[in-house]
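K.L.:
Here's a structure for you.
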Amino acid sequence: MKLLIQRYLAAQFIMPLIVSTVFFICFLLTFELFRLTELLVTRDISLWFTAGLIGNIALTFIPLSLPIAVFFSTIYCLNRLSSDSEYIAMRAAGLTKERILVPFLLVAALLSTSVYHLNQNLIPHSNKEFKRKVNYLTSSGLLAGIKAGQFFTLIPGLTLFASKSTKYGRNLEEVFLQIKDLKTKDDRVIFASRGELVFERDSSSLIEKLTLTLFDGNIIGQNNKNEIEKIIFSRYIFPVSQAQFKDRFSVKETMLSSQELEKVLTMTFEEAEKVYKFNKKEFFNAKYEYWSRKNGALIVFIFCFLGFTLGITGTRGKAKNAGFLGIMCLMLYYGLFFSLVSLANSEKIPIQLAVFLPASVLGLLSIKFYRKLDWQS
Numbered sequence: 012m013k014l015l016i017q018r019y020l021a022a023q024f025i026m027p028l029i030v031s032t033v034f035f036i037c038f039l040l041t042f043e044l045f046r047l048t049e050l051l052v053t054r055d056i057s058l059w060f061t062a063g064l065i066g067n068i069a070l071t072f073i074p075l076s077l078p079i080a081v082f083f084s085t086i087y088c089l090n091r092l093s094s095d096s097e098y099i100a101m102r103a104a105g106l107t108k109e110r111i112l113v114p115f116l117l118v119a120a121l122l123s124t125s126v127y128h129l130n131q132n133l134i135p136h137s138n139k140e141f142k143r144k145v146n147y148l149t150s151s152g153l154l155a156g157i158k159a160g161q162f163f164t165l166i167p168g169l170t171l172f173a174s175k176s177t178k179y180g181r182n183l184e185e186v187f188l189q190i191k192d193l194k195t196k197d198d199r200v201i202f203a204s205r206g207e208l209v210f211e212r213d214s215s216s217l218i219e220k221l222t223l224t225l226f227d228g229n230i231i232g233q234n235n236k237n238e239i240e241k242i243i244f245s246r247y248i249f250p251v252s253q254a255q256f257k258d259r260f261s262v263k264e265t266m267l268s269s270q271e272l273e274k275v276l277t278m279t280f281e282e283a284e285k286v287y288k289f290n291k292k293e294f295f296n297a298k299y300e301y302w303s304r305k306n307g308a309l310i311v312f313i314f315c316f317l318g319f320t321l322g323i324t325g326t327r328g329k330a331k332n333a334g335f336l337g338i339m340c341l342m343l344y345y346g347l348f349f350s351l352v353s354l355a356n357s358e359k360i361p362i363q364l365a366v367f368l369p370a371s372v373l374g375l376l377s378i379k380f381y382r383k384l385d386w387q388s
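Mapping to the working numbering: the sequence shown position 171 is 182, numbers consecutive.
So this is what it looks like as C-alpha cells:
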C-alpha cells in the first residue's frame, strides 16, 4: 500500500516537471533566438539546419532550467496535495513525512545523475556544434549570399558586386568593392578584374576566417579630410571582417569536456594560454565551468528538497505563501552565488567556495523548513 502511494506521488510530480522544464527551456530559447534572428532570416538555410541549431541550444539550457523546474514543480505538486487534503489523509493513514518525501528525492536523484552525465560530454559537444553552425552562418554561410549581378550588403560597411560568380561566390569576375570604415568614416572603392574567396577554419577553436584575394585592379580612397589617393595592385588580400559576430554566442570553455576542464585546473595560466589560447578571463571561466557543472547536479537535489518543505500548506500550523517564499529563496541563492563568483574572479576567495557555499546555505535552510513542518512525526 505504501509503495503504491509512493508511486502515485512520483506520477503526480513527473507531469508538472515535464511541463515546467519545457516551459523554462522555451523561455530561455526565446531570448537566444532573438539574437539569432538576424542570421537566420538573411541566410538561405534549410529547415533541418535551423531545427538542428535550435536543438543544440535547447540541450545546453537543460542544466539551467531543470533545477528551477524541479523546484516549482515540487511546490506545485505538494500545494495541490495539500489543498485536496491528500497530504493530510496520507499522514492520517500512518505515512511519515520522510516516506512522502522519498519518491520526490528519488526522481531528483535520477535527474541529478542525468544532469551530471549530460555535462560530461554531451552538452559540451552540443556547444561545439552550435558554435560550428553559427560560424557557418556568419562566415562560410555568407558565400551563399554572393550572386552574380547582385549587390551583396550582408556585412556592415561593405558592398560587393561582381558581374560573374561561380557557385557560393568562390570565384568572381569584374569585382566592385566599396568599404566604409564605421569608426573613421573613411571610404575606399576597389575595382579588380577578378577575385577569389578563401575560407579557412581552425579545427581546434572552430574560429573561421574569410579572405577575399583580388587581382589586377586599383584602390581609390577618400579620408574624412576629403583627401583622395589611388593605388594600383596586381594582387591584394582583403580580410572580410566578422567582428560583429565574434564571440557573441559561445565561448571556448563551454565546448570542453569535463575531463579537459579537469586538466585545465592543473595548468598554470601560461600553459592554458599555450594549449587552449585562453586569456585570463577565459582561464577563470574554465575553472568556474568545471565546478559549476558539479554544482548543477547538486542543486537539482537541493531545490527538490526545498520545494517539498515549502509546498506543504493548509495544515495545523500558520499558513505560508509558498510561491513568495520560493521566489525569495531563489533570489537569495542566485544573489549570493553571483556575488561570490565575482569575488572569486577578483581572487579574493576560492572558486569552489563561491560555487558550493550558496548551495550549502540553501540546504541548511531546507533542513530548517523541513523540521518546522506542521505535523508531529
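All residues carry an ideal CB built from backbone N, CA and C; glycine is no exception.
Out of curiosity, what's the CA-to-CA distance linking PHE82 and ILE378?
P.N.:
Computed Cα separation, rounded: 15 Å.
K.L.:
Near ASN90, which residues of its chain fall below 7 Å by C-beta distance, leaving aside the five closest residues on each side in sequence?
P.N.:
Closer than 7 Å at the Cβ level, and outside the excluded window around ASN90, lie GLY322, THR324 and ALA333.
K.L.:
What does DSSP give as the partner residues of ILE230 in its beta bridges?
P.N.:
Paired residues: ILE201 and ILE242.
K.L.:
When we look at the beta-carbon of LYS142 and count the other beta-carbons within 10 Å, is it buried (16 or more) or exposed?
P.N.:
So LYS142 ends up on the buried side.
K.L.:
Assign THR279 to one of two classes, buried (16 or more other C-beta atoms within 10 Å of its C-beta) or exposed (fewer than that).
P.N.:
With fewer than 16 Cβ atoms within 10 Å of its Cβ, THR279 is classed as exposed.
K.L.:
Tell me whether GLN392 sits in a helix, a strand or coil according to DSSP, three-state version.
P.N.:
Lying outside 12 to 388, the shown extent of the chain, residue 392 is not represented and no answer is given.
K.L.:
Once the 5 residues before and after PHE367 are set aside, which same chain residues still bring their CB inside 7 Å of it?
P.N.:
Once the five neighbours on either side are set aside, the close Cβ partners of PHE367 are ASN306.
K.L.:
Please determine, among GLU238, VAL251, PRO250 and PHE226, the residue with the shortest C-alpha to C-alpha distance to PHE244.
P.N.:
Selected option, being the one with the closest Cα: PHE226.
K.L.:
So the candidates are LEU20, PHE60 and ILE79; which of them puts its Cα closest to the Cα of VAL33?
P.N.:
Selected option, being the one with the closest Cα: ILE79.
K.L.:
To which residues of the same chain is GLY374 closer than 7 Å at the C-beta, ignoring the five residues directly before and after it?
P.N.:
Counting only Cβ-Cβ distances below 7 Å, and skipping sequence neighbours, we find ILE313.
K.L.:
Kindly indicate which residue of VAL30, SER96 and LEU77 has the alpha-carbon position closest to the one of ALA392.
P.N.:
Absent from the model: residue 392. The displayed extent of the chain is 12 to 388, so no value can be given.
K.L.:
From which residue to which residue does the alpha helix (DSSP H) around THR71 run?
P.N.:
It spans 58-71 - the alpha helix (DSSP H) in which THR71 sits, taken as one unbroken run.
K.L.:
Could you spell out the range, first to last residue, of the alpha helix (DSSP H) harbouring ALA308?
P.N.:
First-last of the alpha helix (DSSP H) with ALA308: 291-322.
K.L.:
When the Cα atoms are used, what is the spatial distance from LEU20 to ALA283?
P.N.:
Taking the straight line joining both Cα atoms gives about 49 Å.
K.L.:
Compare the C-alpha of VAL118 against each of LYS292, ALA22 and GLU300 and name the closest.
P.N.:
Out of LYS292, ALA22 and GLU300, ALA22 has the C-alpha closest to the C-alpha of VAL118.
K.L.:
Could you check whether the Cβ of ILE79 sits closer than 6 Å to any heavy atom belonging to the ligand GTP?
P.N.:
No copy of the ligand GTP occurs in the structure displayed, which carries no ligand at all.
K.L.:
Take every Cβ of the segment 108-124, pair it with every Cβ of the segment 342-349, and state whether three or more of those distances are shorter than 8 Å.
P.N.:
Result no; under three Cβ-Cβ pairs closer than 8 Å.
K.L.:
Quick check: the Cα distance between LEU364 and PHE316, rounded to an integer number of angstroms?
P.N.:
So the two alpha carbons sit approximately 22 Å from each other.
K.L.:
Pull up the DSSP beta-bridge partners for GLU207, would you.
P.N.:
In DSSP, GLU207 forms a bridge with ASN182 and THR224.
K.L.:
Considering Cα atoms alone, identify which of ARG246, GLU273, ILE68 and ILE86 is closest to ILE25.
P.N.:
Per the Cα distances, ILE86.
K.L.:
Quick check: what's the CA-CA separation for THR48 versus LEU28?
P.N.:
Cα to Cα, THR48 sits roughly 30 Å from LEU28.
K.L.:
Restricting to Cα atoms, I'd like to know which of LEU148, ILE190, ILE134 and LEU183 is closest to SER268.
P.N.:
Nearest C-alpha to SER268: ILE134.
K.L.:
Using the C-alpha atoms, what's the distance from ALA103 back to LEU92?
P.N.:
So the alpha carbons of these two residues sit roughly 14 Å apart.
K.L.:
Measure the C-alpha to C-alpha separation of ILE362 and LYS298 and round it to an integer number of angstroms.
P.N.:
Those two C-alpha atoms are separated by around 8 Å.
K.L.:
State the DSSP-derived secondary structure class of ILE360, mapped to helix, strand or coil.
P.N.:
ILE360 falls in the coil class under three-state DSSP.
K.L.:
Apart from the five residues on each side of it in sequence, which residues of its chain come closer than 6 Å, Cβ to Cβ, to ASP198?
P.N.:
Excluding residues within five positions, the ones whose Cβ falls inside 6 Å are LYS191 and GLN233.
K.L.:
Is ILE248 helix, strand or coil when you go by DSSP?
P.N.:
It is a strand residue.
K.L.:
Closest to THR224 by C-alpha separation, out of LYS175, ILE239, ILE157 and LEU183, would be which residue?
P.N.:
Ranking LYS175, ILE239, ILE157 and LEU183 by Cα distance to THR224 puts LEU183 first.
K.L.:
Since I believe ILE239 is in contact with ILE230 (beta carbons under 8 Å), could you give me their beta-carbon distance rounded to a whole number of angstroms?
P.N.:
The pair is not a contact, with the Cβ atoms about 11 Å apart (cut-off 8 Å).
K.L.:
What residue does the beta strand (DSSP E) around LEU171 start on, and which one ends it?
P.N.:
LEU171 -> beta strand (DSSP E) spans 169-176.
K.L.:
Tell me the DSSP bridge mates of PHE163?
P.N.:
LEU171.
K.L.:
From the DSSP output, in three-state form, read off LYS288 for me.
P.N.:
In this structure, LYS288 counts as coil in the three-state DSSP scheme.
K.L.:
With DSSP as the reference, label GLN255 as helix, strand or coil.
P.N.:
Bear in mind that a pLDDT of 41 at GLN255, under 50, signals an unreliable position, so the number given afterwards is only what the model happens to contain. Helix, per DSSP.
K.L.:
Taking CYS340 as the reference, give the member of SER357, ASN356 and GLY318 with the closest Cα.
P.N.:
Answer by Cα proximity: GLY318.
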